[in-house]
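Visitor: As they're listed, the protein sequences go chains A and B.
Heads up: the first sequence is residues 1 to 154, going by the working numbering.
Heads up: the second sequence is residues 1001 to 1154, going by the working numbering.
Every residue gets a Cβ at the ideal spot worked out from N, C-alpha and C, and that includes glycine.
Protein chains: 2
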Amino acid sequence: MARSSETSMNIGEAARASGVSARMIRHYEQVGLIAPPARAASGYRSYGPQDVHTLHFIRRARDLGFPLDEIGRLLALWHDRNRPSAEVKALALRHVAELDAKAAALQAMSATLRRLAGHCHGDDRPDCPILDDLAQPADQALPRHGTSAGTAAR
Amino acid sequence: MARSSETSMNIGEAARASGVSARMIRHYEQVGLIAPPARAASGYRSYGPQDVHTLHFIRRARDLGFPLDEIGRLLALWHDRNRPSAEVKALALRHVAELDAKAAALQAMSATLRRLAGHCHGDDRPDCPILDDLAQPADQALPRHGTSAGTAAR
DNA sequence: CATCCACCTTGCCACCATGGCAAGGTCAAG
DNA sequence: CTTGACCTTGCCATGGTGGCAAGGTGGATG
């Protein structure tokens, strides 16, 4: 096993320490999100504490739903001592808007479907307003209320 | 152009009539969601009104966020005259739960990020609570409140 | 009839982020 | 030296959609 006091770790240890899978660490390297680390004579990747810190940063950003390209920008801002915080904030708020839009789309779908389900007996009989709605020839009965849902989704 | 009174159409017309792209119609056929249609002597796929109806059904289900495999089940239930509506309802409500879970995850991310952004001056100075949080060595300051957000996401 | 354009056919690649598997090299402990 | 845990690279799959390419069809127009 690894000696916890060591400052240089293999990819597996870096993965455990950062919460990013070894798989993804290699991937992030490949797509240029992180710099290629030093290599041991064996060819093993070698990560230092700073590298792990960066990976942890990425992990957190991913947990907040940032796509990789935006994480790249966040990393650049992080490393830029002269960044204007306004830039970070703008990036964050743009992402918030995206998250909200996606959430709203999902909720619109949920609401529509829940409403349809509310009209369905849910017994042994075959009559089903849910299927009836899906089978609508165009756009009648039980209109998909609220603001445009499906289109903005996905 | 096509004579609108024709009952048999090429894939492009079927696409326009159903709201499903020609691209996706072929895809749905390939993955077995729909049966291979008749072919003209030329090899062109030929779709009847019933086929278009089915495609429209699929389109609606997609708009409600159903994944293809669940749409397959919905189609089977639709065609089954002896279906118990309870089955349809259960499928729908299971999907509603999934939609709600995803929406909740997105909202949790949004809320966290919005809160962080709220603490950020957003001016020319480099100090930024957003980056500070992402760079947290572990799990201190401004705890990611609420119920576990990131983990359940995506 | 020749030409043209819009349409159709199949097939492969890309996205995004992640996981799985395979075949082989490395290292430390027993 | 063997074993087992780890590392390496590379390819394939996911889900749903789009794009492009190379070639065949069909109908309208000159």
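Using DSSP bridges, identify the partner residues of Ala38 of chain A.
Guide: Reading the first sequence from its first residue, position 38 is the one you call residue 38 of chain A. In the DSSP output, where bridge partners are listed per residue, Ala38 of chain A has A:Ser46.
Visitor: Which partner residues does Met109 of chain A have in the DSSP bridge list?
Guide: In the first sequence, the residue the question calls residue 109 of chain A occupies position 109. Answer is none; Met109 of chain A lacks a bridge partner.
Visitor: In terms of residues, what are the limits of the alpha helix (DSSP H) holding Met24 of chain A?
Guide: Position 24 of the first sequence, counted from the first residue, corresponds to residue 24 of chain A. Unbroken alpha helix (DSSP H) run through Met24 of chain A: Ala22 to Gln30.
Visitor: Beta-carbon within less than 7 Å of Arg1083 of chain B's beta-carbon, same chain only, minus the 5 sequence neighbours each way: which residues are those?
Guide: The residue you call residue 1083 of chain B lines up with position 83 of the second sequence. Hits under 7 Å: Leu1077.
Visitor: I want to see whether chain B comes within less than 7 Å of His27 of chain A, judged by CB atoms only; does it?
Guide: Stepping through the first sequence from its first residue, residue 27 of chain A is reached at position 27. False, the Cβ-Cβ gap to chain B never drops below 7 Å.
Visitor: At a CB-CB cut-off below 8 Å, which residues of chain B make contact with Met109 of chain A?
Guide: Position 109 of the first sequence, counted from the first residue, corresponds to residue 109 of chain A. Here the neighbours are Asp1063, Leu1064, Gly1065 and Leu1099.
Visitor: Taking buried to mean at least 16 other C-beta atoms within 10 Å of its own C-beta, is Ala1092 of chain B buried or exposed?
Guide: Locating residue 1092 of chain B in the second sequence gives position 92, counting from the first residue. Ala1092 of chain B is buried by the Cβ-count criterion.
Visitor: Cutting at 6 Å between CB atoms, please list the residues of its own chain near Glu1116 of chain B, excluding the five before and the five after it.
Guide: Reading the second sequence from its first residue, position 116 is the one you call residue 1116 of chain B. According to the sequence provided, residue 1116 of chain B is Leu. The question's Glu does not apply to it. Once the five neighbours on either side are set aside, the close Cβ partners of Leu1116 of chain B are Pro1129, Ile1130 and Asp1133.
Visitor: Mind reading off the beta-carbon distance from His121 of chain A to Ser1021 of chain B? Whole number of angstroms is fine, and I expect it under 8 Å.
Guide: For the purposes of this step, residue 121 of chain A is taken as residue 121 along the first sequence, with counting starting at 1. For the purposes of this step, residue 1021 of chain B is taken as residue 21 along the second sequence, with counting starting at 1. Between Ser1021 of chain B and His121 of chain A the Cβ distance is about 35 Å, and since that is not below 8 Å, they are no contact.
Visitor: The alpha helix (DSSP H) with Leu134 of chain A in it runs from where to where?
Guide: Sequence index remark: in the first sequence, residue 134 of chain A carries index 134 (1-based). Unbroken alpha helix (DSSP H) run through Leu134 of chain A: Pro129 to Leu134.
Visitor: Give me the residue from A:His27, A:His56, A:Ala135 and A:Arg45 with the minimum Cα distance to Ala17 of chain A.
Guide: Your numbering for residue 17 of chain A matches position 17 in the first sequence. Answer by Cα proximity: A:His56.
Visitor: Pick out whichever of B:Lys1102, B:Arg1073, B:Asp1100 and B:Ala1103 has its Cα sitting closest to the Cα of Lys1089 of chain B.
Guide: Counting from one through the second sequence, the residue named residue 1089 of chain B turns up at place 89. Considering only alpha carbons, the answer is B:Arg1073.
Visitor: Can you find at least 3 beta carbon pairs, one from the segment 101-120 of chain A and one from the segment 1095-1103 of chain B, that sit closer than 8 Å?
Guide: By the Cβ rule, the segment 101-120 of chain A counts as touching the segment 1095-1103 of chain B, because three or more pairs are nearer than 8 Å.
Visitor: State the Cα-Cα distance for the pair Glu1013 of chain B and Ile25 of chain A, rounded to the nearest angstrom.
Guide: Residue 1013 of chain B sits at position 13 when you count from the first residue of the second sequence. Residue 25 of chain A sits at position 25 when you count from the first residue of the first sequence. Roughly 47 Å separates the two Cα atoms.
Visitor: Distance, Cα to Cα, His145 of chain A vs Thr112 of chain A?
Guide: On the first sequence, residue 145 of chain A is found 145 positions in, with the first residue counted as 1. On the first sequence, residue 112 of chain A is found 112 positions in, with the first residue counted as 1. Any reading at His145 of chain A needs caution, since the residue's pLDDT is 49, under 50, leaving its predicted position unreliable; the model's value is listed next. If you draw a straight line from the Cα of His145 of chain A to the Cα of Thr112 of chain A, it is about 7 Å long.
Visitor: Can you find a heavy atom of the ligand SAH that lies under 6 Å from the Cβ of Leu1074 of chain B?
Guide: The ligand SAH is not among the ligands present in this structure, which contains no ligands whatsoever.
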